[in-house]
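Residue numbers (our numbering), protein chains in the order written: chain A, 9 to 517; chain B, 19 to 354. Working notes for the structure below.
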Amino acid sequence: MMRRKLSLAAAVVTATAMSLTACSGGEAPAADLSTVSIMAPFLEAQPPSADGAVQKKLEELTGKDINITWTPNASYEDKTNITLASSEIPHIMVIQGKTPGFVKNAEAGAFWDLTDKLDDYPNLKTNFPDIQQNASINGKVYGVFRGRAPMRAAVMFRQDWLDKLGLEAPKTTEDLYEVAKAFTEQDPDGNGQDDTWGITIPKWGALGSNSPYDLIEEWYGAGNRWTEKDGKLIPSFETEEFLEANRFVKKMVDEKLINPDFATFDGTKWNEPFFNGKGGIIVDVDSRVSVLVNLFKQADPNNYENKVGFVGNLEGPDGELHAHPTDGYSGFLAVPKASVRTEAELAKVLEVLNTMNSKDVAILLNNGIEGVNFTVEDGKAASIKPETEESKAVTTDIKSYAQLGMNVGGNTFYPVKQPTEYEQQVFDKRTEVMAEDLKSAVYNPAAPYVSATYVSKGAQLDNIVADARIKYLAGQIDEQGLKDAIKLWNTSGGDKVTEEINQLWQDNK
Amino acid sequence: MSQLTDALASNIGHGQGPGTDAGKSSKPRKPPKVPRGKFSVHFAHYKWLYLLLAPGVVYFAVFRYAPMYGVSIAFKDYVPFLGVNGSPWVGTQHFQDFFSNPDFPRLLGNTLILAFLNLGIAFPLTIVLALLLNEVRLSILKRTVQTLVYIPHFLSWTIVASLSFLLFALDFGPLFLFLNNVMGTDIDFLSDPNWFRPLIVLQEIWKNTGWGTIIFLAALATVDQDQYEAAIIDGAGRFRRVWHITLPGIRSTIIVMLILAIGQMLNTGFEQIYLMTNALNRSVADVFDTYVYFVGITQGAYSYSTAVGLFKSLVGIVLIFGTNALAKRFNQSGLF
């Protein structure tokens, strides 16, 4: 009770101070770079073993000793900062995004500016310059981005409920309302009780985090974080469409078409109401479709088809499709100047990154080792059954090694062959729908720009609007309250952010 | 913990002499003669005692005082790459930013209200529970109850929060259903800002009241039993005995605990509050601890959040010294 806890700040300070003292005697890293050290996050329960088959193959393909420091994803950002303050800095660091911490370090000169260098390497020259631009800090590229499918938004629903009520899959936001209403009021599970609702939304408030709220706002035409109006960029929540979209969501909340505990519902349980037949609709990324199908398959392998239906983005009330894309990357691999001191050393490190972007390594990191855990069938990777000790180890390890994949030229590895024909159909349909929606994607025009004011207080600012949005939906404040919160955003520093973003946007046009 | 036990041991020691029948028999033993004069003589005489002291001094110097060097980043614009020494000084900039921040009054208010609620409700309850346990004469019952009330202390806040979420969950939480049926209302306790503080205090009581009784029970065991007998002969009832004998008997312990509790007052418990916060109750839930996390860790504003943490610590020190001085002024023995 007494020494219950040092305040977190003090903990950070302590850790930093400790690592400083601990490392003051460290040696400078070897200049010949026969060993390349990498810091990367892992999301599994255990990091992969340092002498596993994947590690050996990676070293064989790159011709270097690769020394990877696997760090738990949950504390990755703290560890990044502590590592940068120490003297044992790896040659390559996976950076998970343009966090304030990273931006400050980068602007202080902690990382190599790779803007003019990447194009010299055939595998590092991207086929997606827009995404590379998105991953940059005001046009300066500080790392090789980790490419991710930009179009992922989907609406999934209980297909069996839809069939029972004789409804069509939703195409527009108005259809979404109708289906949600029918799921709530027309007893879709046929148990004679009023115990279902339409859409399940978990506790998820942050602005621009691809939440169901963000998606619906974008479908209404509010834009993707920032939107161009009269030759100027404004935050999407300053548009009329933002208010309209939230009126629409509030109507659904008021009519109990959305789970009543949407402000507190635990996101890790998101699939449960869907699977247990409580809430029939989820608005999220399309990969959840396969997760849901798998849930039903595990419960009843003989009768799981046609439980889960899905569509992509929905048309807004203006009759147009404003599809919601992500920024297309998930962080980047950056090269710290403290460990890679000269241009010559940098060239060697980039050479390694270049090899890691080759097709062979991409297959290793994402599919595994051919003949051990997968074989190629019709250009797809089919896992080898039954699993052996060896293949299991590879399959487990690549879940972590995939974190090193960049794929800046597009995915060169094999798509995974689904275990059953039905699942393959679902997978192919997902690919098709997303490719179609990508044509109508509305991107965030301010994605490459980092405003100084936003770095220092952006998260607090955004919280003002994000909290007000939830409060408005829950009925704690009225629309005027929501507008007041947006005004507060403006006066607390938001106007400065808007000004800086517009300046950067104009300069880089 | 160590500070607390030290303080306690010395305090309990103060009041009583050796053994339970203190006071009536021997006078306190005279301390052995202390050689005065040169330090070296003094040191040579007590070298073994100093040796015993050394690990404690080293521990505090290395693990408590040396890291304080890092507090200097509160006055710098700290960038990890540049290090503590390399980052530029900015003076009291971060403190000025904090005090002029519109969040400041809200944070201070929330922190103080929660702190006083915990101090005003949870702290006396600990004493009441200890007194109740002390009155239980059936030894097996007393020990069983004691063990049962200690158990919640060993559960992490994550579990306490999960339990609360289950009990108060909309539509199926048993407490949610019960309370709303009894009161004829429809309150979502987990997101209603008015219910945030009661929930936090309830959790604190549930989790820590039992554990807090340990020290008071130890103090109660030292109260002179003869006085009770005398009081019974004089015809004092149970409550009179508690009021006139038990409470004065443990007064010094209560005061020490109160001073310590006040020093810890602003530590409203990061995990507990963080876990119970959501968008709907954030206006009453934000306290210094969660703010430091939010700004420092998630936004990388290390200097700023260190400044906030430092401010909190300073307030804590002022409170400790203040209460201690007050206690002395009212003729009580303080903590130091």
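Beta carbons are placed, not taken as given, at the ideal position from N, Cα and C, and that holds for glycine. Quick caveat: nothing in here was measured; it's all calculated off a predicted structure.
| Item | Value |
| --- | --- |
| Amino acids of chain B, ordered along the chain, whose beta-carbon sits closer than 9 angstroms to that of A118 (chain A) | V97, P98, F99 and L100 |
| Below-9 angstroms beta-carbon distance, Q104 (chain A) vs any chain B residue | no |
| CA-to-CA distance, I335 (chain B) to L344 (chain B), given in whole angstroms | 14 angstroms |
| DSSP three-state assignment for E289 (chain B), whether helix, strand or coil | helix |
| Distance between K125 (chain A) and A352 (chain A) (C-alpha atoms, nearest Å) | 12 angstroms |
| Range of the contiguous alpha helix (DSSP H) that encloses V152 (chain A) | Where V152 (chain A) is concerned, there is no enclosing alpha helix (DSSP H), although the beta strand (DSSP E) it sits in stretches over V152 to G155. |
| is_contact[S301 (chain B), chain A] using C-beta, thresh 9 angstroms | yes |
| Distance CB(A161 (chain A))-CB(N321 (chain A)) smaller than 9 angstroms | yes |
| Contact set between I478 (chain A) and chain B, taken where Cβ atoms lie within less than 7 angstroms | A297 and L298 |
| Cα-Cα separation, P354 (chain B) to N342 (chain B) | A small correction: the amino acid at residue 354 (chain B) is Phe; Pro does not occupy that position in the sequence shown. Each residue's Cα considered, the two are about 7 angstroms apart. |
| Inter-residue spacing [alpha-carbon to alpha-carbon] between Y430 (chain A) and T181 (chain A) | 28 angstroms |
| Exposed unless 16 or more other CB atoms sit within 10 angstroms - verdict on M294 (chain B) | buried |
| E248 (chain A) versus A:K491, A:F136 and A:I509, residue with shortest Cα-Cα distance | A:K491 |
| Span of the alpha helix (DSSP H) around T179 (chain A) | Note that residue 179 (chain A) corresponds to Lys in the displayed sequence, not to Thr. Note, K179 (chain A): premise wrong, no alpha helix (DSSP H); not H, not E. |
| Contact check, P243 (chain A) vs S464 (chain A), beta carbons under 9 angstroms | no |
| Beta bridge counterpart(s) of W234 (chain A) as assigned by DSSP | A:N232 and A:P243 |
| Straight-line gap, P192 (chain B) to E280 (chain A) (C-alpha atoms, nearest Å) | 20 angstroms |
| Delimiting residues of the alpha helix (DSSP H) encompassing S219 (chain A) | Taken as a continuous stretch (DSSP letters only), S219 (chain A) belongs to no alpha helix (DSSP H), as it is neither H nor E. |
| Cβ pair F304 (chain A), F165 (chain A) closer than 9 angstroms | no |
| Exposure of K258 (chain A), with buried meaning 16 or more beta-carbon neighbours within 10 Å | buried |
| Nearest neighbour of H171 (chain B), chosen from B:Q290, B:A236 and B:G340 [CA to CA] | B:Q290 |
| Residue-level contact to chain A via CB, V146 (chain B), 9 angstroms cutoff | no |
| Segment limits, alpha helix (DSSP H) that includes T324 (chain B) | Y320 to R347 |
| Proximal chain A residues relative to Q317 (chain B), where beta-carbon distance stays under 7 angstroms | P108 and A467 |
| Assigned secondary structure, G33 (chain A) (DSSP; H/G/I helix, E/B strand, else coil) | Its pLDDT being 36, under 50, G33 (chain A) is placed unreliably in this model, and the value from its coordinates should be taken loosely. It is coil, neither helix nor strand. |
| Test item: CB-CB of P56 (chain A) and S408 (chain A) under 9 angstroms | yes |
| Exposed unless 16 or more other CB atoms sit within 10 angstroms - verdict on K517 (chain A) | exposed |
| Coil, strand or helix - E263 (chain A) by DSSP | coil |
| R477 (chain A) - containing alpha helix (DSSP H), residue span | A460 to A482 |
| Neighbour-count burial assignment, L166 (chain B), 16 or more Cβ in a 10 Å radius | exposed |
| Segments assigned alpha helix (DSSP H), at least 4 residues, entirely inside the stretch 377-444 of chain A | 397-409 |
| A254 (chain B): contacting residues in chain A (beta-carbon distance under 7 angstroms) | None at all; the shortest Cβ gap to chain A is about 34 angstroms. |
| Burial state of D171 (chain A) (16 or more Cβ within 10 Å) | exposed |
| Closest residue to G213 (chain A) among A:E186, A:F270, A:K87 and A:P394 (Cα-Cα distance) | A:F270 |
| With 16 other Cβ atoms within 10 Å as the buried cut-off, status of H262 (chain B) | exposed |
| Spatial distance of P37 (chain A) from S105 (chain B) (CA atoms) | Bear in mind that a pLDDT of 46 at P37 (chain A), under 50, signals an unreliable position, so the number given afterwards is only what the model happens to contain. Those two C-alpha atoms are separated by around 24 angstroms. |
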